[in-house]
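Undergrad: Right, I'll just put the structure down here and ask away after.
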Amino acid sequence: MANILIAYFSRKGQNYVNGQIKNLAKGNTERVAEFIQQAVGGDLFEIETVREYPEDYTRCTEAAKEELRAKARPELKNFLDSVDGYDTVFLGYPNWWGTMPMAVYTFLENYDMSGKTLIPFCTHEGSGMGISGRELKRICPKADVVRGLAIHGAGAAESAAEVSVWARGKVEEAGRKERK
């Protein structure tokens, strides 16, 4: 089996869930990342920003919108030494304003994903993957960016079976491509 990295950005605390603001002890995307690791193994890496986003959900969305407009690249707390040892990279994030949070752009722009299979997954409250798949292909043109999985955030905690089947299928698919 290929060496697998599961990198994700997630938001705990106030989140929009089925039309209401709820306080989540663990972010939806983090839950899905953990389900992927349980299904296929691999190393987990949380993408974290130096500057905390506002705890208030509405203020957080406003900050995220401003970052998107400014094409900001928020500073991250940590980076991996390298991604060279990974063949397959699952990349997770919430859909913020139709795409990935800008911190995910910061993460990607610090590594060469050439030759890697890049498998996106996102959590959302109705907007699916948005344009993130297209953005990933633009940012990582030499990676094999495959079709991702969008999980409705309100159902993330109960998505283990769906995520497991999907993740195993993607790893098998990547393995077949490597053998060709």
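Yeah, the sequence shown ends on 1335 if you go by this note's numbering, and it's all consecutive.
Beta carbons: idealized from backbone N, C-alpha and C, even for Gly.
Would you call N1233 buried or exposed, if buried means 16 or more other Cβ atoms sit within 10 Å of its Cβ?
TA: exposed
Undergrad: Under 8 Å by Cβ, that's how I've got P1275 and M1284 pegged, so tell me the actual separation to the nearest angstrom.
TA: 7 Å
Undergrad: Which residue from S1319, G1310, E1280, K1292 puts its Cα closest to that of P1249?
TA: E1280
Undergrad: Restricting to Cα atoms, I'd like to know which of P1209, V1205, R1334, V1187 is closest to L1199.
TA: V1187
Undergrad: Quick one: what's got a C-beta closer than 6 Å to V1326's C-beta in the same chain, skipping five residues either side?
TA: V1195
Undergrad: List, from N- to C-terminal side, the beta strand (DSSP E) runs of 3 residues or more that fit wholly inside the segment 1171-1208.
TA: 1175-1179, 1198-1201
Undergrad: Specify the secondary structure class of C1277 as computed by DSSP and reduced to three states.
TA: Judged by DSSP in its simplified three-state form, C1277 adopts strand.
Undergrad: With 16 other CB atoms within 10 Å as the buried threshold, where does M1156 fall?
TA: A caution first: M1156 carries a pLDDT of 43, below 50, which makes its placement in the model too unreliable to give a value.
Undergrad: Helix, strand or coil for D1299 per DSSP?
TA: strand
Undergrad: Which residues in the same chain have their Cβ closer than 8 Å to the Cβ of A1219, if we skip the five residues on either side of it in sequence?
TA: Y1208, W1251, W1252, P1256, M1257
Undergrad: Quick one: what's got a C-beta closer than 7 Å to Y1171's C-beta in the same chain, skipping five residues either side?
TA: Y1212, E1280
Undergrad: Can you find at least 3 beta carbon pairs, one from the segment 1307-1321 and one from the segment 1174-1193, that sit closer than 8 Å?
TA: yes
Undergrad: Give the secondary structure of L1246 by DSSP, where H, G and I count as helix, E and B as strand, and everything else as coil.
TA: Looking at L1246 - three-state DSSP - the assignment turns out to be strand.
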